[in-house]
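Sequential numbering from 1 applies to the sequence shown in full-length UniProt numbering.
In what follows, a single structure is set out as structure tokens and then discussed.
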Amino acid sequence: MLIEFKSDYDKIAMGLLSYTADLKETSRLTEELDMYKNDDSRQLFLWRSEETDDLCAVLGIEEEEDVILLRHLSVNPSYRGEGLTYRMLDQLSDRYEHKTLMGTLESGSFVKKWQKRRNQQEALQQEIEDTATE
């Protein structure tokens, strides 16, 4: 489940963000976290595992007029390969349903794969609905 970042989660967020390639250095990591805390257009979200109740992933966005820019996405290695990224982006998209989700150079591949998967699911759902009404 996607939850909004609170200051209580500083250390957890820093730990999760440290898995991203551009935030290995502590000073850079602290600087980035401060930007999320102090810039109203930026927002961090954490993912709470429904099975274990652990905070196991983080994503950072920048909200613009018609766009949500995915700046950071990081999943604890123990939780990778479970489709968590897709579920996180699904919930993010639902939260900002009237805005387009886009990625940076670093996060763009995640967004592209997610959009492709979502389009396939929507097409399949439409096929099922069309078949049911025939």
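Just so you know, even glycine gets a beta-carbon here, dropped at the ideal spot from N, CA and C.
Going by C-alpha to C-alpha distance, which of the options sits closest to residue i?
i, options, result
"E32", "D94, M14, Y96 and S49", "M14"
"E51", "E82, L16 and T26", "E82"
"Y86", "P77, Y96 and L73", "L73"
"L89", "N76, E106 and R117", "R117"
"A21", "E65, Q125, E106 and Q43", "E106"
"R80", "Q91, Y96, V58 and I128", "V58"
"D8", "K24, Q120 and L44", "L44"
"N38", "F5, E65 and L84", "F5"
"L84", "V67, K113 and D10", "K113"
Within 10 Å of its beta-carbon, does residue i have 16 or more other beta-carbons around it, so buried, or fewer, so exposed?
i, result
"G60", "buried"
"L17", "buried"
"V111", "buried"
"G103", "buried"
Report, in whole angstroms, the separation of the C-beta atoms of residue i and residue j, which I expect to be a contact under 8 Å.
i, j, result
"L55", "I12", "5 Å"
"R71", "M1", "Contact flag wrong, Cβ pair sits at about 21 Å."
"S41", "E63", "5 Å"
Hey, how far is the Cα of residue i from the Cα of residue j?
i, j, result
"H98", "T26", "36 Å"
"T100", "A132", "31 Å"
"V75", "Q125", "29 Å"
"D10", "A123", "40 Å"
"residue 145", "S109", "Beyond the ends of the chain as shown, which are 1 and 134, falls residue 145; an answer cannot be given."
In the DSSP assignment, what are the bridge partners of residue i?
i, result
"M1", "Answer by DSSP bridge pairing: none, since M1 is not bridged."
"G60", "L44 and H72"
"M102", "L69"
Indicate, with yes or no, if the ligand FAD has a heavy atom lying under 8 Å from the CB of residue i.
i, result
"K11", "Only the bare structure without any ligand can be found here, which leaves the ligand FAD out of the picture."
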